[in-house]
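*Asks:*
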Amino acid sequence: MTEFAARLERVAQNPDVFKSFGRGVERETLRYELDGNLATTPHPTELGSAYANNWITTDFSESLLEFITPVSQDIGTLKAQLEDIHHFTQIKLGDEKMWPLSMPCYVGSEDDINLAQYGTSNAGKMKTLYREGLKRRYGSLMQIISGVHFNFSFPESFWDQLYGEQTEQQRQDTKSEAYFGLIRNYYRFGWLIPYFFGASPALCSSFIKGRETKLPFESIGGTLYLPYATSLRLSDLGYTNSAQSSLKIGFNSLDEYLEGLNTAIRTPSDEFAEIGVKVDGEYRQLNSNVLQIENELYAPIRPKRVAQSGEKPSEALARGGVEYIEVRSLDVNPYSSIGIEEDQVRFLDLFLTWAALSDSEPMDFCEQSCWRENWNKVILEGRKPGLELQIGCKGEVLTLQDWAKRVFVELIQIAEMMDAAKGNDDYQQVCFKLMSWIDNPEQTISGQLLEDTKRLGGLGKVGCEFGKRYREQHLNHQYRTYSSSAMEEEVVRSVKAQSEAEQSDVLNFDDFLDEYFAYLKA
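Using our numbering, the letters of the sequence shown correspond one by one to residues 545 to 1066.
Structure, rendered in structure tokens:
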């Protein structure tokens, strides 16, 4: 019996483990107007305070909505929460709709992209200034790409089955070590996610207007596409930061990761220094380091812990270890009104469990550059027949299909255990469906979307047609988890919370920033 099989068998001895995964979703979507143009209106006041609403906020811009679910253990509940949030939001949007694609709708000018506003508190102004820095560093267009972030954790019973009785410190260390093993395997094989679920093989030509690209785009009307691309969102054109490629952040332990991250936020950037920090009395960015703050690190997966009040993400990890992981490589699924389908969640359950239970050797920076190359190949030409990938610097070279089939041999074993615990065959059905996509790339989401883009005559037409359909679905939806009164109460509470934050400030903004970044000088 392999080590993987032995670990799976140990975990499966307690079937409740597979019923208790913690899951949460953050879904981003642009507000757009009837003609398919970006909405330039402020974040609707009827949705409450973007600074403090627990369910409905904004990301980079006023037009980029972000919906957040709490952690739940049931996939149906997760879906219902998202549907309820979409329903409430659409009611408040009037004629505006939610763009159903990752790559933005038509943007006439970057001036149309208004930075998200969070009020006059120091913390609120800092959030907007951080975005001002992103705008000046990378441009606003890159920042309005939408994605879906999936937060995932194993229950304590999972660790109990694997490791038995442990002290609190032993358990904390063991969980962190195991989650970093998962992260390394995610980097090695997580390209399966853009292969199956990538949904940005094309983009509106307005997105790269005035920018140079060496990619061999083909066109349909005002749409540019690559014939075999899966996720341009994850490419250098999209939500990545090539300036960070030189950062040496390792994933072999929590200490190594934190050391790399803390170095990155202290490393000056000559390029960003040219922007200036405070010029003629106006701030342009939080600082001129490679990362303004930790959140600027772009990564397909992140180790996370819920932070206490006033605590930075790295401080939370140093205090309590890894609590959950955040998967960040999911495009918005255009074939779902809420941007993600239940079968995608089931696949992530299987894949993340596999990544945690499989052997995971330490990863050096040579191997890191190998996985980056593999991901980039899948992102730009993942549906190309016979595409070859190499796992590790001196690793075996196989086709994408052969690597995928190797992984699915063990994913099916997990699916059988999960289905036995739940009394159905949902997970095995997901495996069978996706296995058929391995040899038939046009069945993947990117394959379907490119076909629809060609059929309808452009990405804008796809977005408008799907958006119109989903608007009706959202408006006709009946609450399943929340209620109208609960959503309205959160609106009122969030506005009050923002007001209290604004009234409680005792420092001026300059002193607030000095105090916040004092750790950089330590």
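C-beta: ideal position from N, C-alpha, C; glycine also.
Who pairs with L609 in a beta bridge, going by DSSP?
*Replies:* For L609, which the question treats as bridged, DSSP gives the partners T573, T602.
*Asks:* Would a C-beta distance cut-off of 8 Å place I869 and F696 closer than the cut-off?
*Replies:* In this structure, F696 lies closer than 8 Å to I869 by Cβ.
*Asks:* F1010: buried (16+ other C-beta within 10 angstroms of its C-beta) or exposed?
*Replies:* buried
*Asks:* In three-state DSSP terms, what is S1028?
*Replies:* helix
*Asks:* Label M545 either buried or exposed according to how many other C-beta atoms from any shown protein chain fall within 10 Å of its C-beta, with 16 as the threshold for buried.
*Replies:* With fewer than 16 other beta carbons inside 10 angstroms of its own, M545 counts as exposed.
*Asks:* Per DSSP, F696 forms a beta bridge with which residues?
*Replies:* According to DSSP, which records beta bridges pairwise, F696 is partnered with R567, I869.
*Asks:* Identify whether V876 lies in helix, strand or coil by the three-state DSSP scheme.
*Replies:* coil
*Asks:* Looking at the secondary structure, which residues open and close the alpha helix (DSSP H) in which Q1017 lies?
*Replies:* Segment 1003 to 1020, the alpha helix (DSSP H) holding Q1017.
*Asks:* Give me, in chain order, the residues of the same chain whose beta-carbon lies closer than 6 Å to that of I559; leave out the 5 immediate sequence neighbours on both sides.
*Replies:* In the sequence under discussion, the amino acid at residue 559 is Pro, which differs from the Ile named in the question. Closer than 6 Å at the Cβ level, and outside the excluded window around P559, lie A965.
*Asks:* Pull up the distance between the alpha-carbon of Y595 and that of A843, whole angstroms please.
*Replies:* Distance from the CA of Y595 to the CA of A843, rounded to the nearest whole angstrom, comes to 24 Å.
*Asks:* Closer than 8 Å by C-beta to T672: which residues in its own chain qualify, once you throw out the five before and the five after it? Chain order, please.
*Replies:* L659, A660, Q661, Y662
*Asks:* Applying the criterion that 16 or more other CB atoms from any shown protein chain within 10 Å of the CB defines a buried residue, is C937 buried or exposed?
*Replies:* exposed
*Asks:* Does G939 pass the burial test, meaning 16 or more other C-beta atoms within 10 Å, or should it be called exposed?
*Replies:* exposed
*Asks:* Tell me the DSSP secondary structure of E709 in three-state form.
*Replies:* Per DSSP, reduced to three states, the secondary structure at E709 is coil, with no helix or strand assignment.
*Asks:* Closer than 8 Å by C-beta to G804: which residues in its own chain qualify, once you throw out the five before and the five after it? Chain order, please.
*Replies:* L791, K792, I793, G794
*Asks:* Exposed or buried, which one is T589 when buried takes at least 16 other CB atoms within 10 Å?
*Replies:* exposed
*Asks:* For a test of the three-state rule: what should DSSP assign to I657, helix, strand or coil?
*Replies:* coil
*Asks:* Output yes if chain B places a C-beta closer than 8 Å to the C-beta of T1025; else output no.
*Replies:* Protein chains in the displayed structure number just one, and chain B is not present.
*Asks:* Could you tell me how far apart the beta carbons of L591 and T633 are, in whole angstroms, since I believe they sit closer than 8 Å?
*Replies:* 6 Å
*Asks:* Kindly indicate the opening and closing residues of the beta strand (DSSP E) around Y769.
*Replies:* 767 to 769
*Asks:* Do you know offhand how far L622's Cα is from F694's?
*Replies:* If I take the Cα positions, the gap works out to 11 Å.
*Asks:* Taking only runs of the alpha helix (DSSP H) that begin and end inside the stretch 605 to 652, which ones reach a length of at least 4 residues, in chain order?
*Replies:* 619 to 637
*Asks:* Quick one: measure Cβ to Cβ for Y1023 and D618, integer angstroms, because I've assumed they're closer than 8 Å.
*Replies:* The pair is not a contact, with the Cβ atoms about 17 Å apart (cut-off 8 Å).
*Asks:* Following the continuous beta strand (DSSP E) through S775, name the residue where it begins and the one where it ends.
*Replies:* Premise fails: S775 is in no beta strand (DSSP E) and is neither H nor E.
*Asks:* Buried or exposed, going by whether 16 or more other CB atoms sit within 10 Å of the CB of Q705?
*Replies:* buried
*Asks:* From which residue to which residue does the beta strand (DSSP E) around L942 run?
*Replies:* 941 to 943
*Asks:* Which residue from L574, L736, Q829, F741 puts its Cα closest to that of W915?
*Replies:* L736
*Asks:* What is the residue span of the beta strand (DSSP E) that Q972 lies within?
*Replies:* Note, Q972: premise wrong, no beta strand (DSSP E); alpha helix (DSSP H) at 970 to 982.
*Asks:* Quick check: the stretch 567 to 586 against the stretch 636 to 645, are at least 3 beta-carbon pairs closer than 8 Å?
*Replies:* yes
*Asks:* Which residues bound the beta strand (DSSP E) around I764?
*Replies:* 762 to 764
*Asks:* Buried or exposed: V1006, going by 16 or more other Cβ atoms within 10 Å of its Cβ?
*Replies:* buried
*Asks:* Under DSSP, the alpha helix (DSSP H) around R755 begins and ends at which residues?
*Replies:* Where R755 is concerned, there is no enclosing alpha helix (DSSP H), given that its DSSP letter is neither H nor E.
*Asks:* Helix, strand or coil, according to DSSP, for I793 in the structure here?
*Replies:* coil
*Asks:* Taking the continuous beta strand (DSSP E) assigned at L591, which residues delimit it?
*Replies:* It is not in any beta strand (DSSP E) - L591 carries neither H nor E in the DSSP assignment.
*Asks:* I'd like the span of the beta strand (DSSP E) that includes L747, first residue to last.
*Replies:* 746 to 748
*Asks:* Could you compute how far the alpha carbon of R571 sits from the alpha carbon of K1040?
*Replies:* 25 Å
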